[in-house]
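Asks: First to last, the protein sequences are chains S and F. Each number in the numbering used here corresponds to the 1-based position in the first sequence with 27 added. Each number in the numbering used here corresponds to the 1-based position in the second sequence with 85 added.
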Amino acid sequence: MDPQTTEGKTGVSRAREDMSAEERAVHINFMREAIAMVTLLPLLNVPQNILSLTHTLQQGELALQTDETPVGCVFVHEGVIIGRGTNATNRTLNGTRHAEFEAINEILTTPASTSSEDLTNAESPEGVSDRCEMKYTPAILKECDLYVTVEPCIMCASLLRQFGIRKVYFGASNEKFGGTGGVLNIHRANGRVPKEGEVLERHKDDYEVSGGWLREEAILLLRRFYVQENGKGWYSVSPFESRCLCLIVYLCMLVETGADVQIAPVPKKRKDRTVKEVEPLEEATQS
Amino acid sequence: MGTNFDRKCSDPSKEGGALFKSPTFSLSPLKTTLATQKHEATLTVYVSTIPVKSASTILGRLRNAEIDNGLNLQHLRRFAKYTDVPEHVLSSIQAARRSLGLGPDVDTSQELLLLVGGINSVSHEEVHYIISPTVTQVPICSIMVPLLAPTSYEQAVSWSSRFWPTVYKKSNPFGPHPSIISRAQEDIDGDSRTWMELAIRAGQESRRLGHGEAIGVAVVERCDGQSRLLAVSGDARWLDWKHGGSGNVAGHAVLRSIAMVATSIKASENGNIDSTETACTAPRSIFHDKPVISAEHGQSRASTSRYLCHGLEIYCSHEPCVMCSMAILHSRFGKVIFNKRMPETGGLSSEGDLAHGLFWRKELNWTLLAWEMSNGDASGETLGLEINA
Chain S
28 MDPQTTEGKT GVSRAREDMS AEERAVHINF MREAIAMVTL LPLLNVPQNI LSLTHTLQQG
88 ELALQTDETP VGCVFVHEGV IIGRGTNATN RTLNGTRHAE FEAINEILTT PASTSSEDLT
148 NAESPEGVSD RCEMKYTPAI LKECDLYVTV EPCIMCASLL RQFGIRKVYF GASNEKFGGT
208 GGVLNIHRAN GRVPKEGEVL ERHKDDYEVS GGWLREEAIL LLRRFYVQEN GKGWYSVSPF
268 ESRCLCLIVY LCMLVETGAD VQIAPVPKKR KDRTVKEVEP LEEATQS
Chain F
86 MGTNFDRKCS DPSKEGGALF KSPTFSLSPL KTTLATQKHE ATLTVYVSTI PVKSASTILG
146 RLRNAEIDNG LNLQHLRRFA KYTDVPEHVL SSIQAARRSL GLGPDVDTSQ ELLLLVGGIN
206 SVSHEEVHYI ISPTVTQVPI CSIMVPLLAP TSYEQAVSWS SRFWPTVYKK SNPFGPHPSI
266 ISRAQEDIDG DSRTWMELAI RAGQESRRLG HGEAIGVAVV ERCDGQSRLL AVSGDARWLD
326 WKHGGSGNVA GHAVLRSIAM VATSIKASEN GNIDSTETAC TAPRSIFHDK PVISAEHGQS
386 RASTSRYLCH GLEIYCSHEP CVMCSMAILH SRFGKVIFNK RMPETGGLSS EGDLAHGLFW
446 RKELNWTLLA WEMSNGDASG ETLGLEINA
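Written out as structure tokens, the structure is:
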């Protein structure tokens, strides 16, 4: 569904409506971060932030390894990314573990003590004990904007509504089960359809939605995924090239941080991959 | 824990039958959004009169004209006797006769009323063309008829008296076929109370311990007439949660049950059957994927497909919120049964405030059967209307 034509009915504004170039650039940058959650290609442009690189690498590799539907998202608070997530339905065997859930989990379990330097260790069991205070309270979500490559589904739209969110920017529309304009309008009055002539009052849990940001790139990601589903390759990158890429990034990180970062193994051929193979990877990324 | 629980479930009458002594217990299938929203939609059609003896000729001419494009009017009788139609149809046709200068006297036993077609799919001239070979003057009037098929015999009777003779064909254009629903209902009729009771109890225990609201869920696998409990969970929105608001949204009972089915399978795949052991070492998260109270339970499924909950049954003490309803769809459950309706926040029903009717919507890529289980006074706790179950 083209957001342009549906704005009036669904309350989903289109990308680039009367916005300054600077503002647009900010949103597009964050949307790129969301896309980076599910692709290796952005690694070619080495990001300035080495931490984001680590994350992207791990998550991107994960997405490749497990045949996850490539959906990625970032939560932004006052211009800073405080949480990231990718779709994890295959990895967890749980069809409800969408990117938004993963990102909110990350935000709400970030320990208060973590400084930005040792974020890589934050996921270890020792780093996050029950006694440790959390950095963010759930109330922070109400001040966050979400950038997600695909329109949130009905489930996630309701999750966002119940936790609270300020604004959602999405890439591609989701006509199959989208919850912010695609099928239902959960962001407005929990999706209640107004009676004829009725104007829905703004509810305190309502949130703004803007669609179509980097839409083509998000669609391309999905298309590549479905091509892969049909037995063809994910990217035109061969396993050898992929390994070289990983090595380069690994070396970059060693030089930059001296940190002991483990690199996930290169994905094997699709037919050899099973969900079980993911287990060692998870441990590797958490230790 | 697992074995202990199995024993409990096998004989529910001894331990927990008290909840369900009420004889008013019943399962009623939910209506789909289409059934509740569009069943009164009407269409304006042309009606004319024809001699009884030329009925088959005209039927042939009607078929050749192919005027019913896109419309399915199978639920409406093509021909009707004068005595079978409502008063207002008779007066419309009399008015049409008068305008042609025909007298009011008709031998009603020699004439039939004919429903020609929707006024948007056939023109006045076409109607005239189809009928004119048999009679010289064609009285034509337009009346309103129900656009879509009735979903019950009672509805057909009511429509016949109000619009035009209508037939109930035991089909449901708005949802699952009635025979599918009744067969499925027979399957679950025997023990659905047992499972609902487990769900309700888990919810009550959750609240008693301060873990969450009194909302509980049970997941059941049914194979060749045998049902097996896979997971029981209580709401955990206030577990490890110091904050206000709506609590930990990821701790809703439905999400937890789905996760328990997944973690049980993961655990058994890893050869680690005792899932409680891993719970202590797992990193902190907002997901409470493991049982935390004695009423809770997670067990691995025998047969697994790509979608772990494919075809399973889920029993909810309360109608799930929009998020949980959609989670049930994402997990490809086969049947959902809830006890207390949540009129303001529920996502399954098509008759509440939201009227989403998520269990059966053509736009979505999964549909399942849904029932509301009423059991008189002895049922799940009444929650605040604003709560998302």
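Where a beta carbon is used, it is the ideal one built from N, C-alpha and C, also for glycine. Please read all numbers here as calculations on a predicted model, not as lab measurements.
Are the Cβ atoms of F:GLU211 and F:ALA140 separated by less than 8 Å?
Replies: Taking C-beta atoms as the reference points, F:GLU211 and F:ALA140 fail to come closer than 8 Å.
Asks: Taking buried to mean at least 16 other C-beta atoms within 10 Å of its own C-beta, is S:ALA48 buried or exposed?
Replies: exposed
Asks: Would you kindly report the start and end of the unbroken beta strand (DSSP E) that includes F:ARG313?
Replies: 311 to 319
Asks: Check S:ASP45 in the structure and name its three-state DSSP category.
Replies: coil
Asks: Mind pulling the chain S residues with CB within less than 7 Å of F:MET529?
Replies: This structure cannot speak to residue 529 of chain F, because chain F is shown only from 86 to 474.
Asks: Determine, using beta carbons only, whether S:GLY260 comes closer than 8 Å to chain F.
Replies: Any answer about S:GLY260 is weak, because its pLDDT of 40 lies below 50 and its placement is not dependable; what the coordinates show is given next. Not closer than 8 Å to any Cβ of chain F, the Cβ of S:GLY260 fails to qualify, so no.
Asks: Got a sec: is the Cβ-Cβ distance from F:LYS351 to anything in chain S below 8 Å?
Replies: At least one CB of chain S lies nearer than 8 Å to the CB of F:LYS351.
Asks: Just checking: is the beta-carbon of S:VAL177 within a distance shorter than 8 Å of some beta-carbon in chain F?
Replies: No, S:VAL177 lies away from the interface with chain F (no Cβ there is under 8 Å from its Cβ).
Asks: Looking only at its own chain, which residues have a Cβ that is under 8 Å from the Cβ of S:ILE167, when we skip the five neighbours before and after it?
Replies: HIS104, ILE109 and ILE134
Asks: According to DSSP, what are the bridge partners of F:LEU492?
Replies: In the structure as shown, chain F begins at 86 and stops at 474. Residue 492 of chain F is therefore absent and cannot be evaluated.
Asks: For a quick check, are the C-beta atoms of S:GLY238 and S:GLY208 less than 8 Å apart?
Replies: yes
Asks: Closer than 8 Å, CB to CB, is F:ASN450 near chain S or not?
Replies: yes
Asks: Please identify the residue among F:ASP192, F:LEU198, F:LEU232 and F:HIS213 whose C-alpha is closest to the C-alpha of F:ASP169.
Replies: F:LEU198
Asks: Mind listing the chain S neighbours of F:ASP438? Cutoff is C-beta to C-beta under 7 Å, in chain order.
Replies: ARG219
Asks: Run through chain F and tell me which residues come within less than 9 Å of S:LYS231, C-beta to C-beta.
Replies: Chain F residues near S:LYS231: none, gap ~11 Å exceeds 9 Å.
Asks: Using the Cα positions of S:TYR234 and S:ALA139, report the straight-line distance between them to the nearest angstrom.
Replies: 28 Å
Asks: Mind listing the chain F neighbours of S:ILE213? Cutoff is C-beta to C-beta under 7 Å, in chain order.
Replies: What S:ILE213 touches in chain F: VAL407.
Asks: Looking at chain S, which residues of the segment 321 to 351 of chain F have a Cβ within less than 7 Å of any of its Cβ atoms?
Replies: Against chain S - using a Cβ distance shorter than 7 Å - the residues of the segment 321 to 351 of chain F are HIS328, GLY330, SER331, VAL334, ALA335, LEU340, ILE343, ALA344, ALA347, ILE350 and LYS351.
Asks: Would you mind working out which of F:LEU324, F:CYS401, F:CYS394 and F:ILE225 sits nearest F:SER370, comparing C-alpha positions?
Replies: F:LEU324
Asks: Under the rule that 16 or more other beta-carbon atoms within 10 Å means buried, what is F:SER277, buried or exposed?
Replies: buried
Asks: Can you name the residues that DSSP bridges to S:TYR174?
Replies: S:VAL101 and S:TYR196
Asks: Using a C-beta to C-beta distance shorter than 9 Å, which residues of chain S count as neighbours of F:LEU393?
Replies: LEU120, ASN121 and GLY122
Asks: If we ignore side chains and look at the alpha-carbon of each, how far apart do F:VAL346 and S:ARG51 end up?
Replies: 43 Å
Asks: DSSP on F:THR142, reduced to helix/strand/coil?
Replies: helix
Asks: Within this structure, are the beta carbons of F:GLY319 and F:SER291 separated by less than 8 Å?
Replies: yes
Asks: Near F:LEU119, what residues of its chain come up, given a Cβ to Cβ distance below 6 Å and the 5 sequence neighbours on each side ignored?
Replies: PHE259
Asks: Taking the alpha-carbon positions, what's the F:THR219 to F:THR236 distance?
Replies: One C-alpha to the other measures close to 37 Å.
Asks: Which of the three DSSP states, helix, strand or coil, is assigned to F:PHE259?
Replies: coil
Asks: Would you please verify whether the beta carbon of S:LYS222 is less than 8 Å from any beta carbon of chain F?
Replies: no
Asks: Are three or more beta carbon pairs between the segment 260 to 280 of chain F and the segment 171 to 178 of chain F nearer than 8 Å?
Replies: Verdict: no, contact absent.
Asks: How is S:ASN132 classed by DSSP in three states: helix, strand or coil?
Replies: helix
Asks: Using the beta-carbon of each residue, which ones in chain S are nearer than 9 Å to F:HIS296?
Replies: Residues of chain S passing the Cβ test: none, with the nearest at roughly 15 Å.
Asks: For S:PRO74, decide whether its Cβ has a neighbour in chain F, counting only Cβ atoms nearer than 8 Å.
Replies: Residue placement at S:PRO74 cannot be trusted, given a pLDDT of 40 that sits under 50; the coordinates are not used to answer.
Asks: For F:PRO189, count the other beta carbons within 10 Å of its own beta carbon; 16 or more makes it buried, fewer makes it exposed. Which is it?
Replies: exposed
Asks: Can you give me the C-alpha to C-alpha distance between F:GLU429 and S:VAL53, rounded to a whole angstrom?
Replies: 38 Å
Asks: In chain F, which residues lie less than 7 Å from S:PHE128 when you measure between Cβ atoms?
Replies: ALA335
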